[in-house]
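Asker: Sequential numbering from 1 applies to the sequence shown in our numbering.
Just so it is clear, CB atoms sit at the ideal spot from N, CA and C, and this is done for glycine as well.
One structure follows; several queries about it will come next.
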Amino acid sequence: MYAQLVKTDADKVKSLEEMDPQERRFQERIDDDQKIEPKDWMPEGYRKTLIRQISQHAHSEIVGQLPEGNWITRAPTLERKAILLAKVQDEAGHGLYLYCAAETLGVSRDALIEQLHSGKAKYSSIFNYPTLTWADIGAIGWLVDGAAIMNQVPLQRCSYGPYSRAMIRICKEESFHQRQGYDIMMKLCQGSAAQKAMAQDALDRWWWPSLMMFGPPDADSVHSAQSMAWKIKQNTNDELRQKFVDQTAPQAAFIGLAIPDPDLKWNEEKGGHDFGEIDWTEFHEVLKGNGPCNAERMEARVKAWEDGAWVRDGLSAYADKAAARVAAE
Ligand code: BYC
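Okay, here's the thing in structure tokens:
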């Protein structure tokens, strides 16, 4: 039903003949796989699309620290705690590289953060779900980072240089994150019946929200057609979702867990899995702010920002003094 209500941008993508000469030269560079750099001319829509996507991505990394940060004090061993701390720190780093990439497009980090805190900017729907047990940390690494890698590997070839280069480093770290999550799930599955049940319960709760991470179905994706013409995105949402299901189904079977989808089965003819209908109403409710943890996540981010004001003030006071000293010399 939703598909009939949404307008996509597929019919708005201009052909080369419809473009003015400057825009045509830009598109030809894209078609020739040349990277676009910050000082190059770019259409306003390209700049805006990148700011939207990169900042949504940066916010996701920052908000994404919260569900896992919740378990740092309760990790079951010292080793697991050290690994989880490192992973959450990596996510802060990813957020920072991405804010830097967005800043090259002429927007300030303060403006982006203000958009997040005022609810104007989106972040990934997945981070509005709670982490109830230790197995959820395994499920996040395995499924959420697994989905993130599937989406982000093609972004390494994005036409915008600073985003593409940030993604190369991020993808290396995401691979380690995915492996640590799968390792947690594997250990739980080799443990007691209660531990295996905990792993299954986490998979049951995280499976469908992980599929939603790839965004709305292609027919409803507002931005895909234009973003693909600009080589910001290389694949459609449904293509990546399908690849994720095909990659993850055998991994679940290998550790003896059942994916909570009675319609999931291998389709020889298509060379991929068929799978059940995603609850898009739930997805849109989460995007509207009505997910289980939206309010809590935003409160935590705003509080962290306010509590950190003295650090920012101290740093800028020092920077101002240093600048005055240089000017006086
Ligand atoms: N959640 O036209 P569409 C991570 C929005 S973090 C929320 O298909 P597009 C990690 C979309 O923004 C993972 N909103 O859009 C961190 C648009 O709304 P606006 C984050 C979503 O941009 C810590 C509308 O729906 N990864 O890896 O062509 C720990 C229509 O969608 C979602 C990225 O951000 C969603 N799931 O495609 C572990 C990757 N899906 O903006 C892991 C970069 C869609 O018009 N982003 N929307 O108001 C992308 O690749 C693309 O932006 C998307 C969406 C595939 C997400």
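Which residues bound the alpha helix (DSSP H) around N237?
Answerer: Working through the sequence shown from its first residue, we reach residue 237 at position 237. Note, N237: alpha helix (DSSP H), 237 to 254.
Asker: Please give me, in chain order, every unbroken run of the alpha helix (DSSP H) with length at least 4 that falls completely inside the region 190 to 228.
Answerer: For the region 190 to 228, whole alpha helix (DSSP H) runs of length 4 or above, ordered along the chain, are 193 to 212.
Asker: Less than 7 Å separating the Cβ of S124 from some heavy atom of the ligand BYC?
Answerer: Here residue 124 corresponds to residue number 124 of the sequence shown, with the count starting at 1. Correct: S124 has its Cβ closer than 7 Å to the ligand BYC.
Asker: Looking at the strands, I want to know which residues DSSP matches up with G272.
Answerer: Numbered from its first residue, the sequence shown carries residue 272 at position 272. Paired residues: N267.
Asker: Excluding the 5 residues flanking L67 on each side, which residues of the same chain have their C-beta closer than 8 Å to its C-beta?
Answerer: Along the sequence shown, one-based indexing puts residue 67 at 67. The question names Leu, but residue 67 is Pro in the sequence shown. Contacts found: F127, Y129, P130, T131, D136, I140, C293.
Asker: Alpha helix (DSSP H) containing F127: first to last residue?
Answerer: Taking the first residue of the sequence shown as position 1, residue 127 is located at position 127. Per DSSP, F127 belongs to no alpha helix (DSSP H) and is neither H nor E.
Asker: Between which two residues does the alpha helix (DSSP H) harbouring M417 extend?
Answerer: With the chain represented from 1 up to 329, any question about residue 417 goes unanswered, as that position is not in the structure.
Asker: Measuring straight from C-alpha to C-alpha, what distance separates H59 and A193?
Answerer: On the sequence shown, residue 59 is found 59 positions in, with the first residue counted as 1. On the sequence shown, residue 193 is found 193 positions in, with the first residue counted as 1. Rounded to the nearest angstrom, the two C-alpha atoms are 38 Å apart.
Asker: Leaving out five residues before and five after K231 in sequence, what residues of the same chain have Cβ atoms less than 6 Å from its Cβ?
Answerer: The residue given as residue 231 occupies position 231 in the sequence shown. Around K231: I30, S159.
Asker: Given 8 Å as the limit, is there contact between the region 304 to 322 and the region 152 to 167, that is, 3 or more CB pairs closer than that?
Answerer: They do not touch, by the three-pair rule.
Asker: Out of P262, A101, Q27, Q89, which has the shortest C-alpha to C-alpha gap to D204?
Answerer: Counted from its first residue, the sequence shown places residue 204 at position 204. When only C-alpha atoms are compared, the closest one is P262.
Asker: Which residues mark the beginning and the end of the alpha helix (DSSP H) in which Q34 is found?
Answerer: The residue given as residue 34 occupies position 34 in the sequence shown. Unbroken run through Q34: none, as it is neither H nor E.
Asker: My understanding is that M185 touches G256, with C-beta atoms under 8 Å, so please give their C-beta distance in whole angstroms.
Answerer: Numbered from its first residue, the sequence shown carries residue 185 at position 185. Numbered from its first residue, the sequence shown carries residue 256 at position 256. Not really, about 10 Å apart at Cβ, beyond 8 Å.
Asker: Starting from G95, follow the alpha helix (DSSP H) in both directions and report where the run begins and ends.
Answerer: The sequence position of residue 95 within the sequence shown is 95, counting from 1. It spans 78 to 103 - the alpha helix (DSSP H) in which G95 sits, taken as one unbroken run.
Asker: Can you tell which of A229, I62, T248 has its C-alpha closest to the C-alpha of L98?
Answerer: Taking the first residue of the sequence shown as position 1, residue 98 is located at position 98. It is I62 whose Cα lies nearest to the Cα of L98.
Asker: Taking contact to mean at least 3 C-beta pairs separated by less than 8 Å, is the region 25 to 43 in contact with the region 66 to 84?
Answerer: No, the region 25 to 43 is not in contact with the region 66 to 84.
Asker: Can you tell which of K243, E306, S164 has the C-alpha that lies nearest to the C-alpha of T104?
Answerer: Indexing the sequence shown from 1 puts residue 104 at position 104. T104 has its Cα closest to that of S164, out of K243, E306, S164.
Asker: Does the beta-carbon of E174 have 16 or more other beta-carbons within 10 angstroms, so that it is buried, or is it exposed?
Answerer: Locating residue 174 in the sequence shown gives position 174, counting from the first residue. Burial call: buried.
Asker: Can you tell me which of R179, H177, L188 puts its alpha carbon nearest to the alpha carbon of W134?
Answerer: For the purposes of this step, residue 134 is taken as the residue at position 134 of the sequence shown. Ranking R179, H177, L188 by Cα distance to W134 puts L188 first.
Asker: Please say whether I259 and W207 have beta carbons closer to each other than 8 Å?
Answerer: As a first step, residue 207 must be located in the sequence shown, where it is residue number 207. As a first step, residue 259 must be located in the sequence shown, where it is residue number 259. It is a contact, given that the beta carbons lie within the stated cut-off.
Asker: Cα separation between R179 and A253?
Answerer: Position 179 of the sequence shown, counted from the start, is the residue given in the question as residue 179. Position 253 of the sequence shown, counted from the start, is the residue given in the question as residue 253. Whole-angstrom Cα-Cα distance: 16 Å.
Asker: Of all the options D274, A317, A225, D246, which has the alpha carbon lying nearest to the alpha carbon of L143?
Answerer: Residue 143 sits at position 143 when you count from the first residue of the sequence shown. Measuring from the Cα of L143, the nearest candidate turns out to be D246.
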